[in-house]
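Student: Those protein sequences? They're chains A and B, same order as listed. Using my numbering, read the first sequence as starting at 69 and increasing by one per residue. Using my numbering, read the second sequence as starting at 69 and increasing by one per residue. Handing you this structure, nothing more for now.
Number of protein chains: 2
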Amino acid sequence: MEFKKKKLANGLVVIGEVNKSAKSAAVGFFVKTGSRDESKQINGASHFLEHMLFKGTERLSAFEVNEAFDRTGAEFNAFTSEENTVFYAAVLPEYLVEVTELWIELMRPALRDEDFDIEKNVIKEEIAMYKDLPSYDVLDRCRSLHFDSHPCGNSILGGEESIGNLTAEQMRGYFTNRYAPNNMALAFAGNFDWEQVCTVVESPCSKWQKQIASRKLEDYRGSKKKKRVEKSNLAREHICLMSRGVSAQEPRRFAASLLATIIGDNVGSRFFWELVDKALAETATMQFGAMDGTGAFCSYIRCSSENVSKVLDTVRGIFESLSKSGVTKDEMKTAKNKILSALVIKNELPMGRLVDLGFNWIYLEQYRTIADDISAIKAVAIDDVNSLIEKFNPGDFTQLSIGPAQSS
Amino acid sequence: MEFKKKKLANGLVVIGEVNKSAKSAAVGFFVKTGSRDESKQINGASHFLEHMLFKGTERLSAFEVNEAFDRTGAEFNAFTSEENTVFYAAVLPEYLVEVTELWIELMRPALRDEDFDIEKNVIKEEIAMYKDLPSYDVLDRCRSLHFDSHPCGNSILGGEESIGNLTAEQMRGYFTNRYAPNNMALAFAGNFDWEQVCTVVESPCSKWQKQIASRKLEDYRGSKKKKRVEKSNLAREHICLMSRGVSAQEPRRFAASLLATIIGDNVGSRFFWELVDKALAETATMQFGAMDGTGAFCSYIRCSSENVSKVLDTVRGIFESLSKSGVTKDEMKTAKNKILSALVIKNELPMGRLVDLGFNWIYLEQYRTIADDISAIKAVAIDDVNSLIEKFNPGDFTQLSIGPAQSS
Numbered sequence: 069m070e071f072k073k074k075k076l077a078n079g080l081v082v083i084g085e086v087n088k089s090a091k092s093a094a095v096g097f098f099v100k101t102g103s104r105d106e107s108k109q110i111n112g113a114s115h116f117l118e119h120m121l122f123k124g125t126e127r128l129s130a131f132e133v134n135e136a137f138d139r140t141g142a143e144f145n146a147f148t149s150e151e152n153t154v155f156y157a158a159v160l161p162e163y164l165v166e167v168t169e170l171w172i173e174l175m176r177p178a179l180r181d182e183d184f185d186i187e188k189n190v191i192k193e194e195i196a197m198y199k200d201l202p203s204y205d206v207l208d209r210c211r212s213l214h215f216d217s218h219p220c221g222n223s224i225l226g227g228e229e230s231i232g233n234l235t236a237e238q239m240r241g242y243f244t245n246r247y248a249p250n251n252m253a254l255a256f257a258g259n260f261d262w263e264q265v266c267t268v269v270e271s272p273c274s275k276w277q278k279q280i281a282s283r284k285l286e287d288y289r290g291s292k293k294k295k296r297v298e299k300s301n302l303a304r305e306h307i308c309l310m311s312r313g314v315s316a317q318e319p320r321r322f323a324a325s326l327l328a329t330i331i332g333d334n335v336g337s338r339f340f341w342e343l344v345d346k347a348l349a350e351t352a353t354m355q356f357g358a359m360d361g362t363g364a365f366c367s368y369i370r371c372s373s374e375n376v377s378k379v380l381d382t383v384r385g386i387f388e389s390l391s392k393s394g395v396t397k398d399e400m401k402t403a404k405n406k407i408l409s410a411l412v413i414k415n416e417l418p419m420g421r422l423v424d425l426g427f428n429w430i431y432l433e434q435y436r437t438i439a440d441d442i443s444a445i446k447a448v449a450i451d452d453v454n455s456l457i458e459k460f461n462p463g464d465f466t467q468l469s470i471g472p473a474q475s476s
Numbered sequence: 069m070e071f072k073k074k075k076l077a078n079g080l081v082v083i084g085e086v087n088k089s090a091k092s093a094a095v096g097f098f099v100k101t102g103s104r105d106e107s108k109q110i111n112g113a114s115h116f117l118e119h120m121l122f123k124g125t126e127r128l129s130a131f132e133v134n135e136a137f138d139r140t141g142a143e144f145n146a147f148t149s150e151e152n153t154v155f156y157a158a159v160l161p162e163y164l165v166e167v168t169e170l171w172i173e174l175m176r177p178a179l180r181d182e183d184f185d186i187e188k189n190v191i192k193e194e195i196a197m198y199k200d201l202p203s204y205d206v207l208d209r210c211r212s213l214h215f216d217s218h219p220c221g222n223s224i225l226g227g228e229e230s231i232g233n234l235t236a237e238q239m240r241g242y243f244t245n246r247y248a249p250n251n252m253a254l255a256f257a258g259n260f261d262w263e264q265v266c267t268v269v270e271s272p273c274s275k276w277q278k279q280i281a282s283r284k285l286e287d288y289r290g291s292k293k294k295k296r297v298e299k300s301n302l303a304r305e306h307i308c309l310m311s312r313g314v315s316a317q318e319p320r321r322f323a324a325s326l327l328a329t330i331i332g333d334n335v336g337s338r339f340f341w342e343l344v345d346k347a348l349a350e351t352a353t354m355q356f357g358a359m360d361g362t363g364a365f366c367s368y369i370r371c372s373s374e375n376v377s378k379v380l381d382t383v384r385g386i387f388e389s390l391s392k393s394g395v396t397k398d399e400m401k402t403a404k405n406k407i408l409s410a411l412v413i414k415n416e417l418p419m420g421r422l423v424d425l426g427f428n429w430i431y432l433e434q435y436r437t438i439a440d441d442i443s444a445i446k447a448v449a450i451d452d453v454n455s456l457i458e459k460f461n462p463g464d465f466t467q468l469s470i471g472p473a474q475s476s
């Protein structure tokens with residue numbers, strides 16, 4: 069494994085981890101923009117832009133973009149989160165140059181009015197579809213409730229209203245700032261030739277204009293509000309709990325991952341044994357989300373209406389016992405094994421490696437080997453996790469539930 | 069990469085491909101049994117058995133099985149198809165021995181009456197749940213219609229009736245024959261020590277008794293029947309088309325995969341451009357399934373009721389044009405790139421490699437390197453695909469649709 073890095077004059081950082089024993093290669097643009105960078109007026113613009121990039125450039129129609137990806141046989145896609153928009157592809161090494169050239173071209177899209185109008189309907193349908201998925205809707209609403217006025221509370225897809233009112237002009241303005249070369253990183257992983265990709269990147273990307281692109285960075289303690297929403301078509305109660313966690317820049321992020329695994333991993337966690345295995349809840353998981361300058365623990369529980377109060381009592385009991393007695397050595401060992409195998413297995417594939425490589429750069433401006441992360445996880449002591457519980461008490465949460473109308 | 073192989077006196081074959089540069093290791097039992105090996109009376113027994121293996125052994129309770137997997141941090145699971153039941157896990161190399169010992173123990177389950185009775189309800193719920201998924205239900209019904217009296221027409225989950233009537237005694241009888249050491253293979257892939265795993269395997273697995281376990285192998289041309297089922301709760305038409313393909317033992321299986329990709333890949337295929345891109349259908353895909361001694365092409369299309377006749381006309385047009393003019397050079401090139409990158413990316417991970425390694429042994433008693441498969445795909449000529457169309461005319465299909473009641 070060899071790490072390579074280059075910065076163009078306009079601020080675009082190109083990084084790569086060469087692994088000559090890999091059989092494939094992956095490339096991705098990591099754009100440091102997401103829903104938290106949007107004003108309320110243009111909420112949803114980042115995700116909308118992600119769609120628009122596939123609509124083509126001055127030279128290529130959407131049809132031709134599709135065909136061009138097709139020819140390379142690439143596995144490609146894109147995603148938008150609260151704070152990043154990522155475009156990536158995994159290919160056979162001999163097609164890496166072709167697919168990289170294509171992504172570079174797409175990073176300067178035409179953003180045509182006609183395409184914008186058509187795509188607006190696609191986005192509206194997507195919003196409606198996700199509104200119908202209670203497991204997604206509950207998370208979206210809970211994030212808003214928890215982060216309140218903090219921009220991390222913005223919905224990723226945007227709302228009916230903000231998307232309805234969004235103009236192509238506003239989108240182009242947002243694009244110019246946020247897709248500036250100094251606000252993104254281009255990453256490569258797997259089997260590729262560094263000098264070759266640098267040659268491919270340099271000339272077209274150097275033409276991109278540097279811009280001022282900033283982000284408000286504030287930590288947030290969470291609103292701790294409680295709210296329940298009734299939806300007549302639901303048969304189950306969906307509960308989302310959020311509490312404050314550490315940021316993506318914090319060394320304690322590894323301890324926070326361990327804590328979330330101990331409390332709410334799919335199987336074998338406290339939630340699993342006390343809620344799922346006892347058939348009180350159908351699902352009960354907790355995840356830790358490390359973000360730019362802030363972070364959150366987020367739990368999702370689905371259960372029958374009859375079980376709601378028992379479930380919440382049990383959850384409270386779990387958090388109280390953690391505050392009182394902390395986690396056990398056995399729990400630490402199991403959680404470490406789970407996180408380590410997931411990490412190693414994910415990073416074994418150039419595509420998985422690309423994501424960690426890119427995010428480590430975006431958040432830390434740091435190259436971290438897999439071995440660095442393995443050591444950091446192994447080094448977490450039981451006291452690190454227990455002092456995290458003390459400091460960030462996960463029992464002190466914002467709560468949003470969606471469920472059927474309550475019979476009185 | 070180094071291939072290793074060992075056969076125990078009772079017929080159990082142990083194979084492994086050692087890749088010292090891998091960061092993880094994978095292990096899996098490939099049991100040559102599935103719904104096609106069941107009589108109508110015990111239909112669903114293979115899938116039921118897959119569940120029962122996690123219920124524990126004479127020594128371990130279900131709780132302890134769960135905990136034991138948990139400790140290793142393994143990513144593990146199992147699946148049942150028409151002809152195989154596979155149990156697998158991916159772990160950090162240092163936990164491979166522990167997780168292998170666990171799988172070996174589970175391969176001789178207690179199959180307790182109490183567990184059987186409880187699990188029967190879980191299976192019944194699973195059957196009901198899948199009945200509610202039209203994309204699954206249509207495939208299940210179409211397979212029955214297409215294979216008619218051929219055992220490949222058996223449902224994998226079994227029916228309400230066969231599962232309802234199944235006794236623990238029947239299951240234990242089925243188990244004894246089908247889980248015989250001479251009817252399975254144990255495979256390892258990734259970073260592991262061959263001598264060490266052989267030591268772990270030899271003593272417990274040698275105690276397993278050889279049995280007579282055979283399978284009826286007949287090719288089948290397909291019934292070519294047409295049928296439509298009405299379901300009042302559906303808003304869309306779900307159409308499944310099946311036609312005869314080549315078997316997993318046939319060298320022409322690579323040409324058959326290319327043909328299915330050209331006709332019905334998710335994007336960029338004939339189905340995509342003529343049905344999905346033109347908004348006639350919401351989804352339209354074709355897959356090729358190579359089976360033991362037989363094979364099938366299977367298409368799935370979802371569209372609105374108004375569009376059904378247009379969709380079927382278009383499908384007929386696509387098949388006619390293929391029969392008349394064959395595929396194009398460009399289509400061959402694109403399809404090869406897609407299949408090659410999917411193959412390479414999948415096999416880069418020990419877990420993905422394990423599956424190909426195991427199935428190549430189960431179907432061919434052959435070790436094939438990734439390079440062997442790459443060469444075989446690259447070597448397919450346009451005439452190979454075109455003669456396949458001529459011989460197996462995909463337009464000559466069995467058709468099953470599920471959709472809403474038709475207004476008269």
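Here a beta-carbon is modelled for each residue, glycine too, at the ideal position from N, C-alpha and C. Remember, it's a predicted structure, so these values are computed and weren't measured experimentally.
1) Figure out for me which residue from G258(B), T148(B), I438(B), A94(B) has the closest Cα to the Cα of G112(B).
2) Between the segment 410-441 of chain A and chain B, which residues of the former have CB atoms less than 8 Å from a CB of the latter, in chain order?
3) Mapping the DSSP letters down to three states, classify G141(B) as helix, strand or coil.
4) Could you check the C-alpha separation between L121(B) and M175(B) for me, to the nearest Å?
5) Kindly identify the DSSP beta-bridge partner or partners of S469(B).
6) Using 8 Å as the threshold, is the C-beta distance between M359(B) and F339(B) below it?
7) Out of E151(A), A158(A), H119(A), K278(A), point me to the one whose CA is closest to D138(A)'s CA.
8) Note the first and the last residue of the continuous alpha helix (DSSP H) segment covering K199(A).
9) Rounded to whole angstroms, what is the Cα-Cα separation between S203(B) and G290(B)?
10) If you measure from the beta carbon of R139(A) to each beta carbon in chain B, is any gap under 8 Å?
11) What's the gap between the Cα of P472(A) and the Cα of S372(A)?
12) For my contact list, G394(B) and N454(B) are in at a C-beta cut-off of 8 Å; report their separation, rounded to the angstrom.
13) So that I know if they touch, is there some Cβ in chain B lying closer than 8 Å to that of G336(A)?
14) Between which residues of its own chain and K284(A) is the CB-CB distance below 7 Å, once the five residues before and five after are set aside?
15) Going by the beta-carbon positions, is the gap between V379(A) and L348(A) smaller than 8 Å?
16) Taking Cβ-Cβ distances shorter than 9 Å, what residues in chain A pair up with P305(B)?
17) Do you know how far the Cα of R312(B) is from the Cα of G463(B)?
18) Of all the options V165(B), L164(B), S103(B), which has the alpha carbon lying nearest to the alpha carbon of G227(B)?
19) Taking any Cβ of chain A, which residues in the segment 370-388 of chain B have a Cβ under 8 Å from it, in chain order?
20) Identify which residue in E70(B), T437(B), F460(B), L76(B) has its Cα closest to the Cα of S271(B).
21) If you measure between the beta carbons of M400(A) and I450(A), is that distance less than 8 Å?
22) Would you mind giving the Cβ-Cβ distance between K248(B) and K278(B), rounded to the nearest angstrom? I have them listed as a contact below 8 Å.
23) How should Q467(B) be labelled, buried or exposed, when 16 other C-beta atoms within 10 angstroms of its C-beta is the threshold for buried?
24) Using a cut-off of 8 Å between C-beta atoms, extract the partners of Y163(A) located in chain B.
25) Starting from C220(B), trace the beta strand (DSSP E) both ways and give me its first and last residue.
26) Please go through the same chain and pick out, in chain order, the residues whose beta-carbon is closer than 7 Å to the beta-carbon of L456(A), but skip the five residues on each side of it.
27) Are the CB atoms of E118(A) and T168(A) nearer to each other than 8 Å?
28) Under three-state DSSP, which class holds Y435(B)?
29) Can you name, in chain order, every residue of its own chain whose Cβ lies under 6 Å from the Cβ of T36(A), other than the five neighbours on each side?
30) Which of the three DSSP states, helix, strand or coil, is assigned to G385(A)?
31) Checking the sheet assignment: what are the DSSP bridge partners for K83(B)?
32) List the residues of chain A whose Cβ lies closer than 9 Å to the Cβ of N145(B), in chain order.
33) Quick one: is F131(A) buried, meaning 16 or more other Cβ sit within 10 Å of its Cβ, or exposed?
34) E85(B) versus chain A: which residues are under 9 Å apart at the beta carbon?
35) If you count every other CB in all the chains shown that lies within 10 Å of the CB of I83(A), and 16 or more means buried, which is it?
Tutor: Taking the coordinates as given:
1) T148(B)
2) A410, V412, I413, N415, E416, L417, P418, M419, I438
3) coil
4) 7 Å
5) R296(B), I307(B)
6) no
7) A158(A)
8) 181-199
9) 21 Å
10) yes
11) 10 Å
12) 4 Å
13) yes
14) P219
15) yes
16) Reading off the sequence shown, one finds Glu at residue 305(B), where the question assumed Pro. Those do not exist, as E305(B) stays about 20 Å from chain A at its closest Cβ, beyond 9 Å.
17) 10 Å
18) S103(B)
19) none
20) L76(B)
21) yes
22) As written in the sequence, residue 248(B) is Ala, which differs from the Lys given in the question. Right, the Cβ-Cβ distance comes to about 6 Å (below 8 Å), so this counts as a contact.
23) buried
24) N405, S409
25) Here C220(B) belongs to no beta strand (DSSP E), and DSSP marks it neither H nor E.
26) R320, A323, A324, L327
27) no
28) coil
29) Lying outside 69 to 476, the shown extent of chain A, residue 36(A) is not represented and no answer is given.
30) helix
31) Going by the sequence as given, residue 83(B) is Ile instead of Lys. Bridge partners of I83(B): K73(B), A255(B).
32) Residues of chain A passing the Cβ test: none, with the nearest at roughly 11 Å.
33) exposed
34) Those within 9 Å of E85(B) in chain A number zero; the least Cβ separation is about 14 Å.
35) buried
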